[in-house]
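Keeping their order, the protein sequence lines are chains A and B. Counting along the first sequence from 1, when you hit position 943 you're at 943 in our numbering, and nothing is skipped either side. Counting along the second sequence from 1, when you hit position 178 you're at 1364 in our numbering, and nothing is skipped either side. Where a beta carbon is used, it is the ideal one built from N, C-alpha and C, also for glycine. The structure appears below as structure tokens.
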Amino acid sequence: MTATPTTGPRPRPARGPSGAALRRVQVLTEILGAVLLCIIGFHLLIDTSRHLEVGLSGAILNLLGEHDVSTLLGDSYLVLRHDGPPIVAHLTPSCSALSSVLALTALALVGMRQRGQSVVGLFLAITWVVLANQVRLVLSLLAGATFGVRSLVLFHDWVGAVLNFCFILIGLLIMVAFTMHPPQRAEQDRSGRHTARRPLAWGRPGLGYRVELEELPRGSRIQVLGFVHRRLLPAVLSKRLAARRERNRVDYRLGHLSPPERAAAVQALAANGLGAHAATLIAVASFEADGLVLNALAEAVAARQWEPLSDRRILALRLWARAWVMRQPIDHGHGAVASRRPGRTLVAVTGAGGPAGIAVVRSLLAAGEQVLALDADPGAAGMRLGCLSAVLPRADDPAYPDALARVVDRHRPAALICTVAEEYTALDGVTARLAELGCRTWLPPLAAAATCNDKAAFAAVLAAAGVPHPATASTVEDAVGLPGPWIVKPASGRGSRDVLAVDSLAELRRAFTVVPSAIAQTRLTGQEFTADALVARDGTLLTCVPRWRDETKAGISVRGTTFDSAAVTRVVAANLAAVGLTGPACVQGFVADPQALAADPDAAVDVTVIEVNPRFSGGLPLTLAAGADVVGTFLTGILDPDAELPALTFAPGVRMVRHFSELYSGPDGTEVVDPFTRIPTPRGGEPSTGGAPARPAGGATTVANDLGTDPDGDAEATGPDDGPDAWEVLGGQGLLVRTAPATGRDAGRDTGRDTGRDAPGSGARLGWPTGTGSAHPAEAGAPDDRLPSRPAAKRPPARPQVRRLVLVPFGTRPEVIKIAPVVRALRAAGHVVTAVHTGQHTDAAMAADVERDLGLVPDVRNALPEGTDRFGALVAGAAASLVAHRPDVVLALGDTHTVPAYALAARGAGVPFAHLEAGLRSFNQRSVEEVNRRVAAAVAQLHFAPTDRAAAFLAAEGVAPGRVFVVGNPVIDALRARAVERRPVAERAGVLLTAHRASNVDDPERLERLVTLVAELAANVGPVLFPVHPRTAGRLREHHRLGYRLNTMHGVRLCDPLPYPDLLTALAGVKVAVTDSGGLQEEAAYFGVPVVVLRRSTPRWESVENGSAVLTGLTSDAEAASAAEAAVRLSRPDELARVAELECPYGDGRTGQRVADILSDPATTALLELAEPDFGDGTFPWEPAE
Amino acid sequence: MTSDGDRPDHHRGALLVYAVVLLLAFLVAGVDLTLRVVSIVLTTVFLAYFVRHLCFAVSASRWAELDLEAPCIGLESYLPKLAVLVACKNEELVVDGMVGALLDLDYPPDAMTLVIVDDGSDDTTGERLDALAARDDRLRVLHRRPGAGGGKSGALNDALADALGDIDAEIAVIFDADHEPDRGALRRLVRHFRDPEVGAVMGRCVIRNGVESSLASTVFIDYLSGYLVNEYGRQALFELPAYGGANCAVSIEVLRALGGWNPHTVTEDTDLTLRVLLMGRRVRFDPTAVDFEEAVLSTHRFWKQRHRWARGHQKCLRDYWWPVVRSPHLSVMDKVETMMFLWIYHVPVLCGIGLLLTIARAFGIGGDGVSAPISLGVLMFAGPFAELTVGLLLGRVERRAAWMLAAFVPSFGLAIMAITAAYIDGMWGRRYTWVKTARSGGTTTATAAPAAPTAPAGLAAVAADVAVHLAPGHAGPDAGPDAGPDDGPDAGLLAVAGAGPGRSFARRDSRRR
């Protein structure tokens, strides 16, 4: 028997009558009252009742034609028998139905109070019991009349008693049934399934298990009650009854409505009087979970503070509203602007850093809404404009949906406006979750958005619908047939990346090899326009505001003028209808003969649409200024999907000129006063009207991309509010925020508007112009990859930079991990990178998740055949890629077969080769990797060595020092980016073990040593985590004895190969890692974790040199034992502390940047050239040059 | 199994004494007088229980509906570290779904650890758990040797000793393998630990497979009233709800002070309730912390289940009535209620006697007149009926279900017989084998479980292979023969943690008098 402590930590304090005692008294009093009611009622009514019952049964008997029973005695029956003395049957009190009637009444009183319908049930039950008792009496009397007194007694006492018991039970059931809920109001059926379809937030917890029901009980009764209340009952009584019902009805009245409807209903009820609807409003405050509705309620209660406290529940409401208002998020000073709706709505805006996002944010703020700014870039200017902001991962990051849902859950915006078309796919999967959190959104049909993004498909759709669109070809052969000059661009590109203006056929052919999945179109002439359009959910075009793109910089319209044209509107409408888009759209095209429009807006001009973007445009401010509130209308449409959206009108001839403006913040995020504002901006200024519509009041000292409008076309006269200061700003483009086009961009303007039109309103997605060498990659930041832009002040002085076409092959998971940051840095620096998956590892589990995770999606995927000719296929694939892409340089990493294959292919094609992670040497003659590395060293023009040691190895092999650059190992870049931190030594526990080398796992003896080693580690160091490589798993399956031993070992956790982030987390948290993997040594060094390397040599000597790694093997028992010993030694606290102090020898996480810089450097060009040496002058190579 | 649990503690002496006293009374006072006295005593007992149940019904009817809707305070702000414990044996059909559901519970990941004890499963449960554990840091798996003994209590005790050593959790939350807690259940359970007096918190279990058989649907209504009325009433009127083995939370400090769960009882939940009370801490009940579980589907299993609950509960009375009387932590009313609670599994035995008396009277033995037995009968059934009625109202069950109340009459009879049998077994000291044996698999309680387990992948496949290879030859030493001698294939269910004693007493309480 387990011991039972009878003394607790604290004796129970003595106390007076507890809450429980008071409740007991209350309940017992009720029960006593009911019992008293029964007793008193019985005594008062029993005689009357007996007389009545005797009279009743007499009447029934008479009806039945039985005249031998007389009821003359009042409370007794006189049964006259033909063959015997008459019987006097006394109706005793216990025979009367009165006791049952009283019991039922008492039960109804104490058990079913406050349930009005129980009155009906009680009445029916009483009727039933009385009648049933009559049946019993009548049958007894008949038995007596027929068979004599004994049978009367027998029947009455026994059969009747059983009958009586059943009657009472049935009576009880009748009462219960009528008190219970009809199917329409019930929440669960008799087997416990939820039937009310109540949203989770409004359902009572645990009432019904939620499963899909085929059919639901539907109430289709005639509304008798409604008729009774409206026509028959006096209004006063009807109102009273309605108030009583209200509490039970509240969720039926509100629970099924959408949040905006609930909010409206709550406000309507409150306006009718808090006291009149106190029950409903209290219920809303109790279990509403939607911020929108609660805000509405709090506002409504706050607005009625004059209402007399006639009902105590009004006080409860006021207390609740006070608390709710107190916990509201702090208003950032946008509060003073006039509000469009009662209660400010919090609206989330994604892509808040882009020009469209900024325009939407500012428009919403101006309308008095609150904005939650979302972007992947924490430094984006738009993030500072919103009242709240949050950083999200990129939409192609698998973490995006969860992160978004978390942010929405935290801030509960009522609506989400997406300004980035690329996010639609990811958003589509999460809308249901957002809706559950009370956040609505409106996405265009995914198919329509996809059509817009794929230019080839777009062209096909338009052609099918007969909408004017330039002739499009997706192969060289077809393109040659098109009339020139041409535009060549990627079918699914965005921004103006890889867009080429082509004038000759030769150029056209070359363009098709350079531009990935290219399409060609005839270049259009005429005047370019952009039209902002809004399409209702039913496909109605609500507005189309076309504007001339008078001047664009970096794809953003910086000067524009609205115009009116029936022809343009018609084409735009046809276009949008053909694509099937709803919501905002930005349509770009050309008007061939714009002069006609100046005279007559209805002129039949020649309009061609080249592109539709399913989102707001960057030139949105002009559309707003022209009077078409597309943002507000779109928001209305989001909040209320059924709303009838108005058609919007606009003023033609409104002109916009743009300048850039600045947002300042101090190192701690506080405001820094705008130097151009002599007087600090007052908080909450009046919304300006006329020329400068949107100026965020208060808090932010900034105006980002201010716009001035001038119907007269005279820019100088604009902006009375801004005054001359603003015009000073106009000239200064010194500090660039994301929305600002880079200064170097103008150099690429010679391609005309064609480059610009691919990136309407999307400076954030702007790539670098192709075909020119004058760009400033360093200043561009990395808009595409959403890296935070670096402060301008810290940039190195500009110097001429070179862009190169870089082909990056990779084929294994470690390569993806390491190469991804380099590719990112290269792209950020303006290089055009073609990432080629060589097909070496095709195991999806090994690579696809990593690719997705790291955002390195290959541009080209090669496949390798199974079998012996894999290497041949690898080389063939390499050669084909080189021919197809004609890169300026091939950059390969590491020591897999990919490296020699691409090195040799590059040399064959005359393309320079650069080797990353160069100079690693294990000096192991049996290592294939060693050979690969040496081949790479022999071919490469550029050697990017991770460490000085590696550079020294290369030098020793005779590589010219000028070609070797110590850049660090890119794996450290990857680690930095993941933000997995070193863990304090005290928090580390256990061992991480990986083994997959053939030399360690293929031999059963060594495999057994490995298993023994695992056991020793588990026993002596701590719990072992062993992610099992597929090869190892296969071997363990073959030797299932070992597999079983490992499986049942205490303190050992086996698992499938871990995703890279999990592996890192695991590695950072262990005392010591035991591994035969090469890469893991670098990661371990980064985390300061000692390693026991299950190999006798390594290409990474730095760790061994500084004592954080030990080389050992599994070739003998002694060696395996020394591995265990080393692990134990390295896991001692002093060793751990020593290793943790060591600096990581493999780099500082800036490898990608260094590689990009070196490739950008014009001086590198000389190194890349393959020159034939000239020994014609009689010198010999072994003789030192003079 | 330890020796204590093995030794059948019988009470044959007491049975003999009862028989002798009855015989003497017959001889001295005559049969009629004796039976009449017995009848009066029974009436008194039934009356007391009737009043108790009526009180519960009235209190629930008045307040429980409001309690279901009451706003919660600070569910986001009070988040102690907790460990979710599940003991499972041979649950390969449900384990994937269960782990997924439990990891999906709404609680901060860094404050929650899921500890699953694989209690010597001889199917792939262990391997599946290992594979799952590799994917989520929050999941820890503890493997027990086959035949480690102690059943669910033993498994949980091992978890307490081993796994919780390095998790500094403050609270253990216990579920069974076939349970599907509501996402918010954890927060609602732990919120009560703000009060330092609270030692354990019980949530509300709801039957989710009522649709599968009429018995299951009867049990659904039984649970409804058991929790919403009986358990609720015990809390409202005495602040003494019972801890029920699953969907409940216990303070780990309390557990350690008590030395863990008692492996020598088949209802470790009742046992723990009593010991928590006796150490001066309290149990709380939260009707809004909801958990969906499965009911037994056949009368055979129903019998077995009730039989086991009765055995365990009756043993608790014998073990704890004296400590309760002596306890300094309980007030007089607390003691009265606790004693009545301890007695509830004896009352059905008295009901059986009452029915016998009634039948005797029909033959003129033990007095005449029928009003006494009729009132006996009314008292016997009226209390539970009042509770069931109120339960249906509170559960907002549709009107048609009222007629199901009639179905309770036969199940009362069944329960009376099962519990009387348990009483006789317990007094006689018939050995109760409760060591876990093979569960009869997904066809029993797991009918509504996730349909097909996912195909074993990766390492799980290795493990599965290994298991297959090993099963025929090596089963001997490790998979010890721990099956009891008198267990049919069904016996496993009685002892399986999943079908465990954990499902509330509340409903046992409500069911039979």
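List, in order along the chain, the chain B residues whose C-beta lies closer than 7 Å to that of residue i?
i	result
G111/A	A1243, V1244, S1247, A1572, T1575, V1576
How long is the line joining the alpha carbons of residue i and residue j, rounded to whole angstroms?
i	j	result
V293/A	R318/A	16 Å
L1063/A	V1070/A	11 Å
E930/A	A918/A	11 Å
V488/A	L1325/B	54 Å
V568/A	G539/A	18 Å
V391/A	A359/A	19 Å
L1142/A	L1342/B	44 Å
K1338/B	V1327/B	15 Å
S517/A	R510/A	13 Å
L959/A	V967/A	Note on identity: in this sequence residue 959/A is Val, with Leu being the wrong assignment. Approximately 16 Å, taken between the alpha carbons.
M656/A	V558/A	7 Å
L52/A	Q26/A	36 Å
I174/A	L1536/B	30 Å
Quick one: what does DSSP say residue i is sitting in, helix, strand or coil?
i	result
V301/A	helix
M112/A	coil
V1359/B	strand
Y1293/B	coil
F1232/B	helix
Q595/A	helix
K489/A	strand
N613/A	strand
V1595/B	helix
Y1264/B	coil
I314/A	helix
Y1429/B	coil
What does residue i reach in chain A if we use C-beta pairs closer than 9 Å?
i	result
M1590/B	R190
E1425/B	S18, G19, A20
L1254/B	R204, P205, G206, L207
F1471/B	Under the 9 Å cutoff, chain A gives no residues; its nearest Cβ is about 13 Å from F1471/B.
Strictly below 7 Å CB to CB, what residues from chain A border residue i?
i	result
A1319/B	R1053
I want to verify the contact list: residues of chain A whose CB lies under 8 Å from the CB of residue i, in sequence order.
i	result
V1476/B	P205, G206
Give the C-beta separation of residue i and residue j to the nearest angstrom, bearing in mind that I take them to be a contact with Cβ-Cβ under 8 Å.
i	j	result
D1136/B	A1432/B	There is no way to answer for residue 1136/B, as the model of chain B reaches only from 1187 to 1699.
V605/A	A596/A	5 Å
V1476/B	G1389/B	7 Å
Could you list which residues in chain B have their beta carbon closer than 9 Å to that of residue i, in chain order?
i	result
I817/A	Near I817/A there are no residues of chain B at all, since even the closest Cβ is about 20 Å away, more than 9 Å.
**Message:** What are the residues in the stretch 1222–1239 of chain B lying within 9 Å of chain A by C-beta distance?
**Reply:** V1237
**Prompt:** Taking Cβ-Cβ distances below 8 Å as the criterion, which residues of the stretch 266–300 of chain A are in contact with chain B?
**Reply:** A283, A285, S286, F287
**Prompt:** If contact means a Cβ-Cβ distance below 7 Å, which residues of the stretch 958–988 of chain A contact chain B?
**Reply:** none
**Item:** Near-chain B residues of the stretch 399–418 of chain A - C-beta to any C-beta below 8 Å
**Value:** none
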